[in-house]
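**Q** Numbered according to mature numbering (1 follows the signal peptide of the UniProt record, and there is no 0), the sequence shown spans residues -23 to -1, 1 to 170. Below is the structure I would like to discuss, written out as structure tokens.
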Amino acid sequence: MKSGIMSLIFALYLAVMVVTANSDSNYYGTTKPVHPKEEKVTRLRFYLHDILSGRNPSAVRIAHANLTGGADSAVGFGSLFAMDDPLTVGPGKGSKEIGNGRGMYVSASKDIRKFTIVMYADLAFTTGKFNGSSISVFSRNPVAEEAGEREIGIVGGRGKFRMARGFVKIKTHQIDMKTGDAVLRYDATVYHY
């Protein structure tokens, strides 16, 4: 009986400590109603240069799966790449650079005929009206859909694109199948405040 009373007292003590700890912690602020600004839509067209070859690549493989043949090809299944790709106004090498696409992508298809990557990238603008702003994409990119445009999702942004959402239609402008080097046209539709 005495141990039952001691257990009850200990349980009450713990309950008081938990309640006190929660009432003293201020990890949150007050909740206020949101009065959103008018939503805008911005359409952008730029080119991303994903260069895997040469002395100064803009994307490098940082890991590959030995079991899947990932080491045997430039973009084998399971290969993980880090990217710092230039964004330009036009598709040519000498075109004006307006920013960079930094992030990672992984080759996510075993069948090269259905070649798909899953990518996260922050597409940052370093000049002009959107200098200091970026859009973030996180999506499946079915590269093998060569015949037409493919689409990836915009999941956020910074600066003038804060709270962004939308999509990017990608069309391959040029690709070297031996090296994996590619120039891609990005047509972004960005909804933001």
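We put the beta carbon where it would ideally sit given N, CA and C, even for glycine.
Counting pairs of Cβ atoms below 8 Å between the region 91 to 108 and the region 36 to 44, do you hit three or more?
**A** Taking 8 Å as the limit for Cβ pairs, the verdict is that the region 36 to 44 does not touch the region 91 to 108.
**Q** Report yes if the C-beta distance between phenylalanine 144 and isoleucine 129 is below 8 Å; otherwise report no.
**A** In this structure, isoleucine 129 lies closer than 8 Å to phenylalanine 144 by Cβ.
**Q** How would you label alanine 165, buried or exposed, when you count the other beta carbons within 10 angstroms and need 16 or more for buried?
**A** Buried, since its Cβ has 16 or more Cβ neighbours within 10 Å.
**Q** Short of 6 Å in beta carbon distance, which residues of its chain neighbour serine 72, apart from the five on each side in sequence? Order them along the chain.
**A** If we look at serine 72 and ignore the five residues flanking it on each side, its Cβ neighbours are Thr65, Val66.
**Q** Apart from the five residues just before and just after leucine 25, which ones in its own chain have a Cβ nearer than 7 Å to its Cβ?
**A** Asp62, Leu64, Gly78, Leu161, Tyr163.
**Q** In angstroms, rounded to a whole number, what distance separates the CA positions of aspartate 153 and aspartate 88?
**A** C-alpha separation (whole angstroms): 19 Å.
**Q** For glycine 31, count neighbouring C-beta atoms within 10 Å of its own C-beta (all shown protein chains included) and say buried if the count is 16 or more, exposed if not.
**A** Result: exposed.
**Q** What separation, rounded to the nearest whole angstrom, lies between the Cα atoms of glycine 47 and valine 83?
**A** Low per-residue confidence applies at glycine 47: pLDDT is 47, beneath 50, and the placement is therefore not dependable enough to give any value.
**Q** Please look up how many angstroms separate the CB atoms of isoleucine 131 and valine 114, rounded, as I've assumed it's under 8 Å.
**A** The Cβ separation is near 6 Å, so the contact holds.
**Q** Helix, strand or coil: how does DSSP classify isoleucine 94 here?
**A** Looking at isoleucine 94 - three-state DSSP - the assignment turns out to be strand.
**Q** Taking a contact to mean a Cβ-Cβ separation below 8 Å, would you say serine 111 touches methionine 96 in this structure?
**A** It is not a contact, given that the beta carbons lie outside the stated cut-off.
**Q** Within this structure, are the beta carbons of tyrosine 168 and valine 11 separated by less than 8 Å?
**A** For tyrosine 168 and valine 11, no; Cβs fall outside 8 Å.
**Q** Do you know whose CA, among Phe23, Lys155, Tyr5, lies nearest threonine 104's CA?
**A** The residue with the shortest Cα to Cα distance from threonine 104 is Phe23.
**Q** Tell me which residues share the same chain as proline 68 and place their Cβ nearer than 6 Å to its Cβ, disregarding the 5 neighbours each side in the sequence.
**A** Only Tyr24, His150, Val160 meet the Cβ criterion.
**Q** Using a C-beta cutoff of 8 Å, does isoleucine 94 count as contacting chain D?
**A** The structure shown contains no chain D; it holds only a single protein chain.
**Q** Please report how far the alpha carbon of aspartate 99 lies from the alpha carbon of asparagine 3, in whole angstroms.
**A** Cα-Cα distance, rounded: 32 Å.
**Q** Specify the secondary structure class of glycine 55 as computed by DSSP and reduced to three states.
**A** Note: glycine 55 maps to coil in three-state DSSP.
**Q** What residues in its chain sit with their C-beta under 7 Å from that of glycine 109, if we drop five residues either side in the sequence?
**A** Gly136.
**Q** So what's asparagine 118 in DSSP terms, helix, strand or just coil?
**A** Three-state DSSP puts asparagine 118 in a strand.
**Q** For tyrosine 170, tell me which candidate among Pro13, Thr8, Phe(-14), Ile(-19) has the shortest Cα-Cα distance.
**A** That would be Pro13, whose Cα lies nearest to the Cα of tyrosine 170.
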